[in-house]
Every structure is written in structure tokens, then in C-alpha cells.
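Participant: As numbered in the UniProt record's numbering, residues 1 to 646 make up the sequence shown, in order.
C-beta atoms are modelled at their ideal positions from N, C-alpha and C, and glycine is treated no differently.
Remember, it's a predicted structure, so these values are computed and weren't measured experimentally.
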Amino acid sequence: MVSVTDLQKEHPLFNERHEVPDRVSKGSHISSMAQYEKYYRESIENPESFWQQRANELLTWTKPFTKVFSGGFENGDVKWFEDGELNVSYNCLDRHAERTPDKVAIIWEGDSPNQVEHITYKQALEQTCRLANAMKELGVKRGESVCIYLPNCPTAAYAMLACARIGAPHSVVFAGFSADSLADRIRDSKSKLIITADQSTRGGKVIPLKQAVDDAVKKSDSVQHVLLLQNTGGKVHFEKGRDVWLHEAMEKQSTTCQPESMNAEDPLFYLYTSGSTGTPKGLVHTQGGYLLYAALTHLWVFDYRENDIYACVADVGWITGHSYIVYGPLCNGATTFMFEGLPTLPDAGRYWDMVQRHKITQFYTAPTAIRTLMKFDDTFVKRYDVTSLRVLGSVGEPINPESYNEVVGDKKCSIVDTYWQTESGGHLLTPLPGATPQKAGSASFAFFGIVPEGNSVSGVLCISKPWPGITRTIFNDHERYMKTYLNVYKNKYFTGDGVWKDQDGYHWITGRVDDVINVSGHRIGTSEVEGALVTHNKCAEAACVGVPHDVKGQAIFAYVILKENVEETPELLAELKGAVRTHIGPFATPDFVVIAPGLPKTRSGKIMRRLLRKIAAGELDQLGDTSTLADPHVLDLIIEKVKSLK
Ligand code: WTA
């Protein structure tokens with residue numbers, strides 16, 4: 001076990017704390033550590049009354065719940081508000097459209113700063129109802145899943161909310177995934193309808209979404225209809241009887257649609273995510289608990305207030321977009337900003353230009369974007385007035401908040417380094433902007449209701465009490481859910497991350513303890529990349545590891561064993577990378593592909609990835625114990641090969 005003093009040496013800043021700026025603390029929801037501690041204690045000692053109060057304050061129920069919580073980790077049967085009923089789209093749209101119809105719900109910016117749309121709550125509700133009616137006309141029934149494969153645009157939000165309105169769980173697939181990955185997800189969720197666009201453009205590059213859908217549909221037999229958004233107007237294949245133009249389908253529909261009253265525990269959506277083994281898992285999130293958790297974390301972690309302009313620059317294809325572009329902010333009646341472009345286009349000042357133009361108050365992004373931008377000089381920030389900002393949020397990896405706060409926040413903002421996962425639905429460990437003194441690189445303390453396990457030593461992060469936002473199961477595979485999360489440590493939820501806690505109680509996430517790689521905040525399973533590589537007919541075997549990368553956080557380093565008598569050529573290396581692009585998507589392409597003479601395996605045939613990671617990172621002095629290798633000589637050959645490439 002590693003001691004705190006050892007860890008302290010690696011984190012020289014670990015005793016430094018930045019106090020909360022007064023301008024952020026004043027008037028904030030949680031404005032002191034004393035208040036945080038009081039509420040936190042209440043949330044742990046008396047969770048039923050804590051969550052009951054929040055569920056009644058933040059959500060509107062069509063049938064009030066009488067039971068707050070039941071079940072537990074032992075059998076994986078956690079339930080929140082189990083006899084309550086509500087409709088998520090009513091909570092996110094109707095009730096705000098009734099009170100403040102002209103308030104802007106969504107501000108959207110496209111690839112170019114000239115593409116801006118403001119959509120009011122009334123308009124968002126009408127569009128959502130039209131789309132919901134169109135889906136019903138196409139035969140979608142309550143309980144049947146709908147696949148959404150769209151760019152990060154308002155239609156994606158309408159589509160999600162329209163599904164919620166009619167009680168059809170959605171499965172959003174990030175539009176950067178390839179046709180093969182899309183097909184896997186459609187097959188698993190058995191969606192009958194796909195909502196997509198002709199094409200999208202990002203950084204001026206055209207992405208042929210419809211083409212990917214056409215290919216994916218061929219590999220899955222559930223799809224009956226494709227609803228097609230005319231986005232770029234580019235020419236696409238149109239299959240009569242199956243494909244339907246979205247604008248035509250919506251035009252003829254009514255702007256009202258009765259929301260279904262859903263049970264709190266009915267599934268709201270499936271979202272596929274990578275694990276260390278096997279195919280991506282369809283995590284299931286619920287109507288009541290998930291929405292409450294997304295709304296409360298949005299309200300308190302970003303200290304959202306009535307007239308704020310809140311921006312999360314993630315994509316709706318990931319959980320961050322689900323919880324913190326769509327569900328959390330809209331449930332709270334916020335103005336949420338959606339961005340379809342790139343942070344470096346037209347130049348590295350794009351984010352700050354948007355902050356100035358829209359007077360953004362909270363800005364939520366990933367460390368990789370900040371690292372990219374900090375490679376450019378400060379004037380890209382300094383030329384804009386970003387003083388509207390109060391809270392700077394970060395997710396995906398630990399952030400070095402120095403550059404974020406000094407350059408962007410001018411030390412007048414609070415940084416919230418939010419640690420959470422697709423599985424958690426919302427933030428697990430996070431500072432609260434008006435209360436928590438910041439330690440650079442630490443996600444600090446548990447959110448309300450979250451009980452992390454650990455003491456002043458390092459270990460794996462487990463959570464010992466169920467919270468409302470936790471994923472209830474893996475779609476169609478509860479056994480795998482139990483095995484992956486709940487049976488690893490008795491009566492605890494296992495996150496898959498390492499953590500240590502310092503003597504002030506701050507948590508420091510040390511990264512995944514399994515074979516998941518985090519590339520630019522995208523979670524990628526090594527087994528998926530390996531699976532993609534071996535589809536190449538010249539590849540016999542592959543093993544992938546993550547290596548540190550100064551912008552992406554981690555990059556993928558692939559070791560490939562070729563079939564007998566196959567020559568290594570530059571073309572072959574390019575083809576192998578191409579196989580990953582085709583089977584997963586461009587974001588999962590390995591930075592390095594090394595043709596290896598063999599893989600270091602134990603006598604029982606298990607690949608020793610620890611060794612491959614050390615070799616890839618050039619840490620040859622830290623190989624440790626190699627005595628269990630079946631053939632130690634292979635290791636020398638691999639080292640030689642990797643060295644020869646550097
Ligand atoms: C990592 C994204 C350190 C972690 C919301 C987790 C982080 C995985 C942080 C989940 C953070 C996320 N500090 N590591 N602030 N936030 N992670 O499911 O390894 O895409 O398990 O959800 O990202 O990634 P996912």
C-alpha cells in the first residue's frame with residue numbers, strides 16, 4: 001500500500017488551497033463548508049427525508065410517490081420513488097413553457113460563429129410535441145427503444161425529449177461512431193426507429209451520417225423506419241417506405257402531445273459505454289431518480305441561478321451531454337448552450353468569443369480542450385471579455401486548474417473538477433463553487449448522498465450507498481451488471497477508478513484500475529480496439545494499452561502480432577489504424593501501432609499489460625517482477641522493437 005507521504009511527493013501542490021472568491025460564494029446555493037457539511041450529514045443520516053424534499057422541490061409528479069427508496073447493492077434492485085409517476089419532458093419543457101414561454105431554453109452554435117439559434121421554451125415544447133406525434137405515427141410505442149444518431153444540435157434534444165414524452169427509451173449513439181458500432185448498438189437495443197441526419201459538418205469536414213445508418217441497418221434486422229433530418233442538404237440515398245424526411249413528418253403534426261405518465265423506475269434511456277472486456281454495455285437510467293440527480297447536481301454544482309446562461313460544450317452522444325446539456329439544465333428551467341463546432345475554429349479563441357457574445361456564466365468542458373487551447377498564447381483568451389463567468393467546470397480527467405483559473409477565470413471564478421461516470425448519472429465527487437476551497441487536481445468531496453470508501457491511503461474507489469442517479473442495470477444483462485459493479489466488493493458499487501484521500505479529506509482520482517483507456521475524455525475499452533485490429537486479415541493478435549499524452553491525457557498504443565509470413569509495411573500499419581476507424585470511429589484510432597514479435601504472457605496465457613504499458617511509456621526501469629512470464633525472451637525483443645522506433 002502506498003502512503004500519503006509518498007503520494008504527497010508526486011503532488012507538490014497538494015497542501016495548497018485556493019479560497020472561494022467572494023463574488024462566487026455570495027448568494028450561492030451552498031455558500032460555506034459548514035452548510036455543505038450540514039446538508040451532507042443530513043443526506044447520509046436521513047437520506048429518505050433529504051431526497052424526498054428535493055424530489056418534491058425540483059420535480060413535478062403526476063402521481064406522488066409514497067416510498068422514497070428500497071432495495072440495495074446486494075441484489076442490485078435499487079429503486080427510488082418506486083410508486084411515483086412523472087413525465088420527464090413535462091418536467092423539462094411544459095412547466096417552464098407555461099410560466100416563462102419566451103425564456104430561451106437552448107442557444108445553439110454551429111461550426112461557424114454565424115450559425116446561431118435561440119429557441120424558447122414554447123418553441124422547444126412545440127417541436128418536441130410534433131416530433132413525438134411523428135414517432136407515434138411511425139408506430140413507436142411506450143417501452144420501445146428509439147436510436148438517435150444526430151449531430152449536437154437542437155433536434156437531438158427534441159428527439160430525446162420526444163422519446164421521454166411518449167415513454168420510449170432512447171439510445172443516443174455519438175455521431176462519431178462508425179456504422180459498425182452503430183449496428184452493434186441497434187442490434188442490442190432492438191430499436192425499430194432511427195433518427196438521424198443527412199450529414200453533419202465539423203471543422204468544415206462533412207460526416208456522412210445517413211450513409212453510416214444505411215450500412216448499419218443492413219446489419220441489424222429491427223429497424224423499420226429512419227427519420228431523416230435535412231441538415232446540410234447534401235445528397236443521400238433515400239429508401240422509399242423506410243426513410244421519412246423529418247421536416248415533412250413533423251410539419252403535419254399537432255404542436256401538442258399528451259405526455260405519458262411514467263413510473264419513476266421505468267427506463268428513460270440506454271447509453272452504451274465501454275468496459276474492460278466484451279461488447280459495450282447498455283446502461284439503463286430511470287425517469288425519476290436519474291432526472292432528480294441530474295437536476296440537483298446541475299443546480300448546486302454549477303450553482304445555477306435564474307438568469308444564468310449555462311454552457312456545457314460536450315456532445316449529447318455522451319452522458320455529459322445527456323445530464324448537463326439536456327436533462328439537468330432543462331429540468332431546472334435554465335438556458336442551456338449547445339455547441340456543434342470545434343474549440344479551435346475559426347481560431348483558438350472560439351470558446352471565449354462565445355462566452356463574450358452570449359454572456360455565459362458557467363462553462364463546462366474537458367481538460368483535454370483546455371490543454372489544447374493553452375498551447376496557444378494567452379491572447380486568445382485575453383482579447384475577449386469573459387467576466388460574465390462565475391463557475392468553470394471540468395470533467396473526464398483530473399484538471400490542472402492553474403491555467404484554467406488564471407488565464408480564463410482570472411482567479412475570479414471557482415473551478416469545479418467533477419468526477420463521475422456514465423454509470424453514476426451525475427457528479428459523484430466535486431467541489432461546490434460557493435463553498436469548497438480548491439486543491440489543484442483534486443475532485444475534492446462527495447456530493448450529497450454519496451459515500452465514498454477510503455481513508456488516508458490509496459485504493460480503489462467504491463461507493464457504499466445507492467444514490468438516485470445510479471444505473472439500475474445493463475440492458476438485457478443484469479448478471480453482467482452485478483458482476484461488473486456490485487459483486488466485486490460486497491455491498492458496494494465499484495467505480496473502476498483508483499483514488500486516495502488526503503488528511504484534509506480531499507479525494508484524488510488516480511485513473512482507471514481496469515483496461516479502460518481515457519483518450520481526450522472518451523472512454524475506450526482496450527478489448528474493443530483489439531477486436532477491431534484483429535478483423536484485419538493479416539493481424540493474428542493485438543494488445544492495446546494507454547500511454548500518457550500531453551493533450552489527450554492518454555493515447556492508444558497498440559501491439560500487433562502479424563500472421564505468419566506477413567511483412568510489415570507502412571501501408572499495412574495504415575490499414576490497421578483504418579480497421580479501428582471503421583469498426584469503432586476515428587476518435588479511437590491508435591496513435592501508435594507497433595508490430596511486435598510476440599506478447600508477454602504468463603504461463604496460463606494471460607497478457608501482462610502492466611509490462612506493455614511500461615514499455616510503451618519508456619519506463620524500462622519500472623518493469624518490476626517478470627518472473628511469471630512464460631517466455632522472458634519475448635520481452636527483450638519487444639523492448640528492442642519499441643526502442644528502434646523512437
Ligand atoms: C474518468 C464521463 C478524474 C474516470 C462523465 C471515470 C475522471 C471515467 C473525472 C468515466 C475527473 C471522469 N477526474 N477522472 N474529474 N471525470 N473521469 O463514463 O476514469 O465517459 O471512471 O463519464 O472518466 O467516463 P465516462
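Does the stretch 430-447 touch the stretch 498-511, meaning 3 or more C-beta pairs lie closer than 8 Å?
Facilitator: Taking 8 Å as the limit for Cβ pairs, the verdict is that the stretch 430-447 does touch the stretch 498-511.
Participant: What does DSSP give as the partner residues of L392 in its beta bridges?
Facilitator: L392 is bridged to F363, I415.
Participant: Can you check whether the C-beta of H285 is within less than 7 Å of a C-beta belonging to chain B?
Facilitator: Chain labels in this structure do not include chain B; a single protein chain is all it has.
Participant: Which of the three DSSP states is assigned to F92 in this structure?
Facilitator: Reading off the sequence shown, one finds Cys at residue 92, where the question assumed Phe. Three-state DSSP puts C92 in a helix.
Participant: With DSSP run on the structure shown, which of helix, strand or coil describes T66?
Facilitator: In this structure, T66 counts as coil in the three-state DSSP scheme.
Participant: Decide if the stretch 90-103 is in contact with the stretch 222-238; the criterion is three or more beta carbon pairs, one per stretch, under 8 Å apart.
Facilitator: Because the criterion of three Cβ pairs below 8 Å is not met, the stretch 90-103 and the stretch 222-238 do not touch.
Participant: Assuming L392 contacts I415 under a Cβ cut-off of 8 Å, what Cβ separation, rounded to an integer in Å, is found between them?
Facilitator: That pair is a contact at about 5 Å.
Participant: Checking 7 Å against the spacing of the C-beta atoms, do K219 and A197 come in under that value?
Facilitator: Cβ atoms of K219 and A197: not closer than 7 Å.
Participant: Whole-angstrom Cβ separation of V513 and D497, contact assumed at under 8 Å?
Facilitator: Right, the Cβ-Cβ distance comes to about 7 Å (below 8 Å), so this counts as a contact.
Participant: Going by C-alpha distance, which of V223, I207, K210, D77 is nearest S145?
Facilitator: Comparing Cα-Cα distances from S145 to each of V223, I207, K210, D77, the minimum goes to V223.
Participant: So what's V2 in DSSP terms, helix, strand or just coil?
Facilitator: At V2, the pLDDT of 47 sits below 50, so the modelled position is not reliable; the number obtained from the coordinates is stated separately. V2: coil per DSSP, three-state reduction.
Participant: Say the cut is 6 Å; is the CB of P329 nearer than that to a heavy atom of the ligand WTA?
Facilitator: Flag unset: Cβ of P329 not near the ligand WTA.
Participant: Would you mind listing the alpha helix (DSSP H) stretches within the stretch 222-303 that are 4+ residues and don't spill past its ends, in chain order?
Facilitator: Runs of the alpha helix (DSSP H) inside the stretch 222-303: 246-251, 288-301.
Participant: Report buried or exposed for G553, applying the criterion of at least 16 other Cβ atoms within 10 angstroms of its Cβ.
Facilitator: Per the 10 Å Cβ criterion, buried.
Participant: Which two residues bound the contiguous alpha helix (DSSP H) that contains Y481?
Facilitator: That run of the alpha helix (DSSP H) goes 478-481.
Participant: With a Cβ-Cβ cutoff of 7 Å, do L330 and M250 count as a contact?
Facilitator: Contact: no.
Participant: Please name the residue, chosen from A555, I474, A540, that lies closest to N565 on a Cα-to-Cα basis.
Facilitator: Of A555, I474, A540, the residue nearest in Cα terms is A540.
Participant: When the Cβ atoms of the stretch 174-193 are set against those of the stretch 267-285, are three or more pairs found closer than 8 Å?
Facilitator: These segments touch.
Participant: Pick out whichever of K601, P343, D385, D347 has its Cα sitting closest to the Cα of I370.
Facilitator: Measuring from the Cα of I370, the nearest candidate turns out to be P343.
Participant: Can you say whether V173 is buried or exposed, counting buried as having 16 or more other CB atoms within 10 angstroms of its CB?
Facilitator: Answer is buried; the Cβ neighbour count reaches 16.
Participant: Pick from G521, G578, C544, L599: whose alpha carbon is nearest that of N537?
Facilitator: Among G521, G578, C544, L599, the Cα nearest to that of N537 is on G578.
Participant: What's the C-alpha gap between E640 and F448?
Facilitator: Rounded to the nearest angstrom, the two C-alpha atoms are 51 Å apart.
Participant: By Cβ distance below 7 Å, which residues in the same chain neighbour W467 in space, the five residues on each side in sequence not counted?
Facilitator: For W467, where only same-chain residues beyond five positions count, the Cβ hits under 7 Å are Y293, G449, I450.
Participant: Which residue comes first and which comes last in the alpha helix (DSSP H) that contains L572?
Facilitator: Start and end: 570-583.
Participant: Using a Cβ-Cβ cut-off of 6 Å (strictly less than) and excluding sequence neighbours within five positions of G167, which residues of its own chain qualify?
Facilitator: Closer than 6 Å at the Cβ level, and outside the excluded window around G167, lie R142, E260, M262.
Participant: Compare the Cα-Cα distances from E126 to each of V20, E85, F81, Q258 and report the closest residue.
Facilitator: Comparing Cα positions, the closest option is Q258.
Participant: Starting from W352, trace the alpha helix (DSSP H) both ways and give me its first and last residue.
Facilitator: That run of the alpha helix (DSSP H) goes 350-358.
Participant: DSSP state of T471, grouped into three classes?
Facilitator: T471 falls in the coil class under three-state DSSP.
Participant: Starting from the C-beta of R383, find all residues in its chain whose C-beta is less than 7 Å away, skip the five residues before and the five after it, and write them out in chain order.
Facilitator: So the list reads G349, once near-sequence residues are dropped.
Participant: What is the rounded straight-line gap between the Cα of H549 and the Cα of F592?
Facilitator: Spanning the two alpha carbons is a distance of roughly 12 Å.
Participant: For the putative contact between V236 and Q253, defined by C-beta atoms under 8 Å, what is the C-beta separation to the nearest angstrom?
Facilitator: Not quite, the Cβ-Cβ distance comes to about 23 Å (not below 8 Å), so this is no contact.
Participant: Please state if the CB of I319 and the CB of L389 are separated by a distance shorter than 7 Å.
Facilitator: In this structure, I319 does not lie closer than 7 Å to L389 by Cβ.
Participant: Is the stretch 287-302 close to the stretch 410-427, with three or more CB pairs under 8 Å?
Facilitator: Contact between the stretch 287-302 and the stretch 410-427 is present, because at least three Cβ pairs lie under 8 Å.
Participant: Output yes or no for whether 7 Å exceeds the beta carbon distance between G598 and V634.
Facilitator: Result yes, Cβ atoms of G598 and V634 sit closer than 7 Å.
Participant: Just mark P632 as buried or exposed, buried being the case when its beta carbon has 16 or more other beta carbons within 10 Å.
Facilitator: Exposed, since its Cβ has fewer than 16 Cβ neighbours within 10 Å.
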